[in-house]
Structures are given as structure tokens and as C-alpha cells.
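Residue numbers (UniProt numbering), protein chains in the order written: chain A, 1 to 97; chain B, 1 to 97.
C-beta: ideal position from N, C-alpha, C; glycine also.
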DNA sequence: CGAATGGTTAAGCACTCGCTTAAGTATTGG
DNA sequence: CCAATACTTAAGCGAGTGCTTAACCATTCG
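Printed below as a string of C-alpha cells:
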């Protein structure tokens, strides 16, 4: 999941998909790389659950899967919250003394 | 940033640090790998801005940097929100018709 | 002091990643 | 029908990642 977002090209694709569905060609357009390369990125994104896609005719259309993004967001939020609450308690302790 | 979180061992370290500061040894303990390996992960985490550390005497103590986590969380939140609002508008459109 | 502890540096190695080109396949517009 | 379009598969390659071992440095404890 984080591994899928670790690559800049893939983040670019996710960013594009956050503004609506797109075909493989459209995802490739801003990316200065061959179509097969984009396919491989798409594969990683699909395996991570971040993106879904379906083929109709000869075009494959891709969509974002917000639930997966939510999972990643939550992991971060939990760790950050844990650490911040610890800082808060430390602040309280320092105030008391 | 996401690249730093892409590795499971590093997420383990972040998780540990979210429960309070730790030494390099303590971070290494649950990780079934040598100390130098942990050092390299720590380096990646520091370069990503996720973790800070300082050495006093012969022990290095590591802390989480919540601001950096916040940046990653926000990137995800924005993309997810963009996509969800698009879905909402689609819903409205379908209701209208 | 001298040994144990905690960390650091350097070199090397297997493996994975991101990309390429070349050669397909399947659909569709003229 | 046939040529263009949109993908798909496969093979290969250079660079980067994650780990190791071996050696080393600095601090602390007996």
C-alpha cells in the first residue's frame, strides 16, 4: 500500500484518478514513459487495492478506490495521534511540576 | 516520504516510536536483523524527515516528527476527498434525472 | 585499566524496481 | 476489409534496496 504510493509516477496516476476516471492512455500522457511501463505501474496500484479498472471494448478505464486510501490515511493518523497524545501528557506533567 | 514508509521494518520502527522515544538497540530488538541494517533504515527515516535523533554519551535516542507524518496524511486526504466529492456530484446528478 | 556495551563505517552481494524494446492481440473507424 | 488505435506480453538491463559480515570508535562499568 505505502509501497504503491512510494513511486512518483504512481502518485501522479493516483492524483489524476482523484479528478475522475481515466483510460490507460490518459494516465500515460503526462508521464514521459512507454505504455508498458504505465501498465506495470497500474498493476502495482491494482494489487495494492488503490485502483480498480475494467476493460470495455479495447479501452481500459481506471477508477480510484477510496477505501484503500482511507486505510493508509488511518495508519498514519493513528501513529501521529499516539505520539501527539504522549507529548500532551508530557506537557501536562511539566505544567504540574 | 511514502518511500520511507514503504518498508515494513521501517513502519515497525515508526510504530514503536509512536509509543515514545527509543534507542537504536530498542528499535532493532523486534526486527530480526543486524544493528547496521537498522542504522540504514534509521538513516532513510531521518532523511525523509519522519524521525529525528540525537546522541548523548554512547546511546542515540530517536523521536517521531509528527509534522512529517501530517504531510503524508494530508496528501492522501486531499486525493480521497477530491474523488469522493466527485462521486457525490455524480450521485446528485443521478438523483436529478 | 580493560572488557563490555552501543553505535558507526565500509564493502559486498542477492534481489527487486522501473524502465526499455520488440512483438503480439483485440477492437473499431473509414 | 484493412489500417489505426489501445492495450498486452515477454524478455532484458542498469540502478537501487535491504541485508550481511568485518572491522572500528567511543563510552561506561567493574
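Closest Cβ-Cβ distance between residue i and chain A: below 9 Å?
i	result
residue 105 (chain B)	Past the boundaries of the shown model lies residue 105 (chain B); chain B is included only from 1 to 97, so the question cannot be answered.
residue 3 (chain B)	yes
residue 52 (chain B)	no
residue 18 (chain B)	yes
residue 27 (chain B)	no
residue 6 (chain B)	yes
residue 22 (chain B)	no
residue 57 (chain B)	no
Is the Cβ of residue i closer than 9 Å to any Cβ of chain B?
i	result
residue 12 (chain A)	no
residue 43 (chain A)	no
residue 37 (chain A)	no
residue 66 (chain A)	yes
residue 86 (chain A)	yes
residue 31 (chain A)	no
residue 60 (chain A)	no
So residue i and residue j are supposed to be a Cβ contact under 8 Å. How far apart are they, rounded?
i	j	result
residue 82 (chain A)	residue 18 (chain B)	4 Å
residue 35 (chain B)	residue 13 (chain B)	Not a contact, Cβ separation roughly 13 Å.
residue 69 (chain A)	residue 42 (chain A)	Not quite, the Cβ-Cβ distance comes to about 16 Å (not below 8 Å), so this is no contact.
residue 52 (chain B)	residue 65 (chain B)	5 Å
residue 60 (chain A)	residue 24 (chain A)	5 Å
Output yes or no for whether 9 Å exceeds the beta carbon distance between residue i and residue j.
i	j	result
residue 77 (chain A)	residue 73 (chain B)	yes
residue 101 (chain B)	residue 9 (chain B)	A question about residue 101 (chain B) goes unanswered here, because the residues of chain B that appear run from 1 up to 97.
residue 6 (chain A)	residue 5 (chain B)	yes
residue 11 (chain A)	residue 30 (chain A)	no
residue 103 (chain A)	residue 3 (chain A)	Residue 103 (chain A) lies beyond the stretch modelled for chain A, which goes from 1 to 97, so this question has no answer here.
Problem - Runs of beta strand (DSSP E) wholly within the UniProt domain "HTH arsR-type" (1-84) of chain B (minimum 3 residues, chain order) - result: Every unbroken stretch of the beta strand (DSSP E) spanning 3 or more residues and falling wholly within the UniProt domain "HTH arsR-type" (1-84) of chain B is given here in chain order: 51-56, 59-64.
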